[in-house]
Amino acid sequence: MKRREVRWSDLLFFNSLRALALLIILVFISIFVFLYISSAETFNTIGWKFFILQDWSTNGGRFGALAFIYGTVLSSLIAILLATPVSVGSALFLTEIGPRVLRRPVQMLIELLAAIPSVVYGLWAIFVLAPFVKDHIQPVLRGMTPGLELFQGPPFGLGLFTSGLVLAIMITPTITAICVEVFRSIPLIYREGAKALGATTWETIRLAVLGPGLAGIFSAVILGLGRAMGETMAVTMVIGNRADISASLFSPAATMSSVIANEYGEASAGLHLSSLSAIGLTLLLVSMVVNGFARVVIWRVTRGAR
Amino acid sequence: MVQKELVLSIKDLHAGFGSAEIVKGISMDIHRQDLVALIGPSGCGKSTFLRCLNRLHEETEGAWVRGKAELFQQDLYERGADPVEIRSKIGMVFQKPNPFPSMSIYDNVAAGLTIRGIKKRSYVADVVEYCLKQAALWEEVKDKLKAPGTSLSGGQQQRLCIARTLAINPPVILMDEPTSALDPISTAKIEELITELRKQVTIIIVTHNMQQAARISDKTAFFLLGELIEYGATSEVFTTPREKKTESYITGRFG
Ligand SMILES: Nc1ncnc2c1ncn2[C@@H]1O[C@H](COP(=O)(O)OP(=O)(O)O)[C@@H](O)[C@H]1O
Ligand SMILES: [Mg+2]
């Protein structure tokens, strides 16, 4: 009798897991189908050129995604470039270098940062970060690199750079937390092996922490990149929202998610609405490609390390 | 008989973790080209003692050391002594083979040189080949020096670690149960290698295996509960031990 009951609960458990997995796949398919159908008009009228057209004019009826792709890629890239060294450094501090008494409090602070809602980051960025970029960062960068288009332009405080900066701050806790896990999981014997060769702390880190942890660091960075590309609220608040590809990092721009968030509410049916869906589809595809690429790289790196 | 040069002189060394004293006042002298085996039941402080000699013990949280350990008359624990420099004079081979997992066979052996800023290609290549030959590994790996160090078998990895240590050319090498994770054939190879190396390096080896101690060492130190019970020529310690406790241990009455 008893046996039967056990089997029953096993069956129930197994089937509910299966149902859950099925549900996830269904949701994913339905997102895809929805985006595909609702963006059909755009691809029928504009075609694949949608991806390379830069114009986005609601009144003129011209729609192209390039400016938003550019905005998403560049703001995420800035975020990754700024966040990676800081995160890896913090993780090394937390696991290898920092005084043990400081490790817990610092880790708690970092976890706290991860819990702040993105709209709050956005508000803070508008009132604190943007003015700071405008008054202190851009003038300095511009002064150091006369003639370099990248840092020219009128100081608005809003734009790609500020977006990248706030994104960097938002993804740093995530990347740091994963790197901490990665470093902690590396067996002590490698560090001892390095030290026994006469390695200094830094050399020990290079030989026995960063080397073995490379694949893990990479996956942490890719996870951060994924978050940066999808992040909407905070970016929408500080990017300036102009569908423009400018040579300067300090002029207003827009990302794929920011234009959707800004315009979906007001978009009347037709090509405008359809083009916003097409951008949603593009964002989904870009995210999937980045993720797939990351998996391949991680696989190759870890294969070398084992 | 001519007295060989004194390499290590340990004087009343105490070490432990927090309130626990693990090494309780050890004194012993080790001369050039001695091959000293440390034996004793597990947990009696052999590893802790060994790790005091290259200042690796202090890397563990709560670890402390008191007393003297002199390498060529220079106290390893005197004020201002640099552990990094000490560790480049006293190599160590661990129980579990630990080649750097992200590095090739070649880079593993070269690691000790590159961290010293020695980068000259031809020189490094020579050292790598020489040390791999010394570690009796060259023939097995010469065609795949770029392969990951971790792609080798356990015994090969351990010989790779020995080659890595030899590359920094230390006068003393510490070995903490270097064969306890290996199969009998790999163990035999490493023992052969050790007996070959002792002609040029002073070796202190911890072993859980008394036959091994008897086979390869010329001096044996018997540890019990953090104390050095007996230290003398291996043949004497194994055949006519002075201490009752040594005899009991060797005849298998405890440990
Ligand atoms: N990190 C540590 N903290 C506290 N005690 C430890 C630590 N590492 C080892 N010990 C204790 O030190 C004692 C001696 O260990 P060890 O030197 O490894 O012995 P052996 O190598 O002779 O087996 C053991 O009782 C062990 O429990
Ligand atoms: Mg031990």
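For the protein sequence lines, the chains are A and B, in the order given.
For what it's worth, the working numbering labels the leading residue of the first sequence as 534, then goes sequentially.
For what it's worth, the working numbering labels the leading residue of the second sequence as 16, then goes sequentially.
Just so it is clear, CB atoms sit at the ideal spot from N, CA and C, and this is done for glycine as well.
Being a predicted model, the structure only gives us computed values, none of them experimental.
Problem set entry | Residue-level contact to chain A via CB, residue 45 (chain B), 9 Å cutoff | For the purposes of this step, residue 45 (chain B) is identified with residue 30 of the second sequence, where counting begins at 1. Chain A contact via Cβ: absent.
For this session: Answer with buried or exposed for residue 199 (chain B), where buried requires no fewer than 16 other C-beta atoms within 10 angstroms of its C-beta.
Result: As a first step, residue 199 (chain B) is located in the second sequence; it is residue number 184 there, counting from the start. Exposed, by the Cβ-count rule.
For this session: My understanding is that residue 186 (chain B) touches residue 210 (chain B), with C-beta atoms under 8 Å, so please give their C-beta distance in whole angstroms.
Result: In the second sequence, the residue the question calls residue 186 (chain B) occupies position 171. In the second sequence, the residue the question calls residue 210 (chain B) occupies position 195. 18 Å between Cβ atoms; not a contact.
Exercise. Once you ignore the five residues that flank residue 717 (chain A) on each side, which residues in its own chain have a CB closer than 7 Å to its CB?
Worked result: Here the question's residue 717 (chain A) lines up with position 184 in the first sequence. If we look at residue 717 (chain A) and ignore the five residues flanking it on each side, its Cβ neighbours are 628.
Exercise. With a cut-off of 9 Å, does the C-beta of residue 629 (chain A) fall near any C-beta of chain B?
Worked result: Position 96 of the first sequence, counting from 1, holds the residue named residue 629 (chain A). It does not: the Cβ of residue 629 (chain A) has no partner Cβ on chain B nearer than 9 Å.
Exercise. So residue 159 (chain B) and residue 120 (chain B) are in contact, right, with Cβ under 8 Å, and what is the actual spacing, rounded?
Worked result: Here residue 159 (chain B) corresponds to residue number 144 of the second sequence, with the count starting at 1. Here residue 120 (chain B) corresponds to residue number 105 of the second sequence, with the count starting at 1. The distance from the Cβ of residue 159 (chain B) to that of residue 120 (chain B) is about 7 Å, consistent with a contact at the 8 Å cut-off.
Exercise. For residue 714 (chain A) and chain B, any beta-carbon pair shorter than 9 Å?
Worked result: The sequence position of residue 714 (chain A) within the first sequence is 181, counting from 1. With 9 Å as the cut-off, residue 714 (chain A) does not count as an interface residue toward chain B.
Exercise. Are three or more beta carbon pairs between the region 74–87 of chain B and the region 31–48 of chain B nearer than 8 Å?
Worked result: Output reads yes: the region 31–48 of chain B touches the region 74–87 of chain B.
For this session: Could you work out which residues of chain A lie near residue 64 (chain B), taking near to mean beta carbons separated by less than 7 Å?
Result: Taking the second sequence and counting its residues from 1, one reaches residue 64 (chain B) at position 49. Under the 7 Å cutoff, chain A gives no residues; its nearest Cβ is about 15 Å from residue 64 (chain B).
Exercise. Does DSSP put residue 226 (chain B) in a helix, in a strand, or in coil?
Worked result: Position 211 of the second sequence holds residue 226 (chain B). Residue state, collapsed to three classes: helix.
Exercise. If the cut is a Cβ gap below 7 Å, which residues of chain A does residue 12 (chain B) touch?
Worked result: The structure shown does not extend to residue 12 (chain B), since chain B is modelled only from 16 through 270, so no value can be given for it.
For this session: Using only alpha-carbon positions, find the residue among A:603, A:807, A:752, A:565 that is nearest to residue 829 (chain A).
Result: Reading the first sequence from its first residue, position 296 is the one you call residue 829 (chain A). Each of A:603, A:807, A:752, A:565 was checked against the Cα of residue 829 (chain A), and the nearest Cα belongs to A:752.
For this session: Determine the direct distance from the alpha carbon of residue 767 (chain A) to that of residue 701 (chain A), and round the result to whole angstroms.
Result: As a first step, residue 701 (chain A) is located in the first sequence; it is residue number 168 there, counting from the start. As a first step, residue 767 (chain A) is located in the first sequence; it is residue number 234 there, counting from the start. Taking the Cα positions, residue 701 (chain A) is about 11 Å away from residue 767 (chain A).
Exercise. Taking any Cβ of chain A, which residues in the region 92–104 of chain B have a Cβ under 9 Å from it, in chain order?
Worked result: Look at the region 92–104 of chain B: the residues with a C-beta under 9 Å from a C-beta of chain A are 98, 99, 100, 101, 102, 103, 104.
Problem set entry | Cβ of residue 726 (chain A) within 9 Å of any chain C Cβ | You won't find chain C in this structure, because its protein chains are A and B.
Problem set entry | Cβ contact (3+ pairs, closer than 8 Å) linking the region 638–652 of chain A and the region 731–739 of chain A | Touching, no.
Exercise. Does the beta carbon of residue 839 (chain A) sit closer than 9 Å to a beta carbon anywhere in chain B?
Worked result: The residue you call residue 839 (chain A) lines up with position 306 of the first sequence. Residue confidence for residue 839 (chain A) is low, a pLDDT of 44 falling below 50, so the modelled location carries little weight; the figure read from the coordinates is stated next. With a threshold of 9 Å between beta carbons, residue 839 (chain A) makes contact with chain B.
Exercise. Of all the CB atoms in chain B, is at least one closer than 9 Å to the CB of residue 744 (chain A)?
Worked result: Along the first sequence, one-based indexing puts residue 744 (chain A) at 211. Taking Cβ atoms only, chain B reaches closer than 9 Å to residue 744 (chain A), which makes this a yes.
Exercise. What runs of the alpha helix (DSSP H), each 4 residues or longer, lie entirely inside the region 732–799 of chain A?
Worked result: Segments of the alpha helix (DSSP H) lying fully in the region 732–799 of chain A: 734–738, 744–763, 766–771, 789–796.
Exercise. Between the region 48–72 of chain B and chain A, which residues of the former have CB atoms less than 7 Å from a CB of the latter, in chain order?
Worked result: Answer set for the region 48–72 of chain B: 69, 71.
For this session: Label residue 642 (chain A) either buried or exposed according to how many other C-beta atoms from any shown protein chain fall within 10 Å of its C-beta, with 16 as the threshold for buried.
Result: By 1-based counting over the first sequence, the position of residue 642 (chain A) is 109. Taking all protein chains shown into account, residue 642 (chain A) has fewer than 16 neighbouring C-beta atoms within 10 Å of its C-beta and is therefore exposed.
For this session: Return yes when the Cβ of residue 781 (chain A) is within less than 9 Å of the Cβ of residue 682 (chain A), no when it is not.
Result: On the first sequence, position 149 is the one that residue 682 (chain A) refers to. On the first sequence, position 248 is the one that residue 781 (chain A) refers to. It is a contact, given that the beta carbons lie within the stated cut-off.
Exercise. Shortest alpha-carbon distance to residue 658 (chain A) belongs to which of A:792, A:723, A:773?
Worked result: Position 125 of the first sequence, counting from 1, holds the residue named residue 658 (chain A). Considering only A:792, A:723, A:773, the residue with the shortest C-alpha distance to residue 658 (chain A) is A:773.
For this session: Please report how far the alpha carbon of residue 213 (chain B) lies from the alpha carbon of residue 255 (chain B), in whole angstroms.
Result: In the second sequence, counting from the first residue as 1, residue 213 (chain B) sits at position 198. In the second sequence, counting from the first residue as 1, residue 255 (chain B) sits at position 240. Each residue's Cα considered, the two are about 25 Å apart.
Problem set entry | By C-beta, the residues closer than 5 Å to any heavy atom of ligand 1, given in chain order | Proximity annotation: ligand 1 has residues B:32, B:37, B:57, B:58, B:59, B:60, B:61, B:62, B:63, B:75 in chain order, each selected because its CB is closer than 5 Å to a heavy atom of the ligand.
For this session: Helix, strand or coil for residue 219 (chain B), going by three-state DSSP, please let me know.
Result: In the second sequence, counting from the first residue as 1, residue 219 (chain B) sits at position 204. Three-state DSSP puts residue 219 (chain B) in a strand.
Exercise. When the Cα atoms are used, what is the spatial distance from residue 634 (chain A) to residue 626 (chain A)?
Worked result: Position 101 of the first sequence holds residue 634 (chain A). Position 93 of the first sequence holds residue 626 (chain A). Those two C-alpha atoms are separated by around 12 Å.
For this session: Could you tell me which residues DSSP puts in a beta bridge with residue 51 (chain B)?
Result: Along the second sequence, one-based indexing puts residue 51 (chain B) at 36. Beta-bridge pairing links residue 51 (chain B) to B:219, B:234.
For this session: Following the continuous beta strand (DSSP E) through residue 204 (chain B), name the residue where it begins and the one where it ends.
Result: Looking up residue 204 (chain B) in the second sequence gives position 189. Per DSSP, residue 204 (chain B) lies in no beta strand (DSSP E); the unbroken alpha helix (DSSP H) holding it starts and ends at 199–212.
Exercise. Is there a Cβ from chain A that is less than 9 Å from the Cβ of residue 230 (chain B)?
Worked result: The residue you call residue 230 (chain B) lines up with position 215 of the second sequence. Residue 230 (chain B) does not count as touching chain A.
Exercise. With which residues is residue 46 (chain B) paired in a DSSP beta bridge?
Worked result: In the second sequence, residue 46 (chain B) corresponds to position 31, counting from 1. In the DSSP assignment, residue 46 (chain B) is bridged to B:21.
Exercise. Comparing the C-beta of residue 252 (chain B) with each C-beta of chain A, is any distance below 9 Å?
Worked result: One-based indexing of the second sequence puts residue 252 (chain B) at position 237. Between residue 252 (chain B) and chain A, the shortest Cβ-Cβ separation is not below 9 Å.
Problem set entry | Selected residue, minimal CA-CA separation from residue 238 (chain B), among B:63, B:107, B:110, B:97 | To locate residue 238 (chain B), count along the second sequence from 1; it is residue 223. The shortest C-alpha separation from residue 238 (chain B) is found at B:63.
For this session: Run down chain A in chain order and give the residues with a C-beta less than 9 Å from the C-beta of residue 179 (chain B).
Result: Taking the first residue of the second sequence as 1, we reach residue 179 (chain B) at position 164. Listed by position along chain A, the residues whose Cβ is nearer than 9 Å to that of residue 179 (chain B) are 726, 730.
For this session: Tell me, please, whether the CB atom of residue 190 (chain B) is closer than 9 Å to any CB atom in chain A?
Result: The residue given as residue 190 (chain B) occupies position 175 in the second sequence. Not an interface residue.
Exercise. Which residues, in order along the region 120–140 of chain B, keep a beta-carbon less than 8 Å from a beta-carbon of chain A?
Worked result: Cβ contacts with chain A come from 126, 127, 130, 131.
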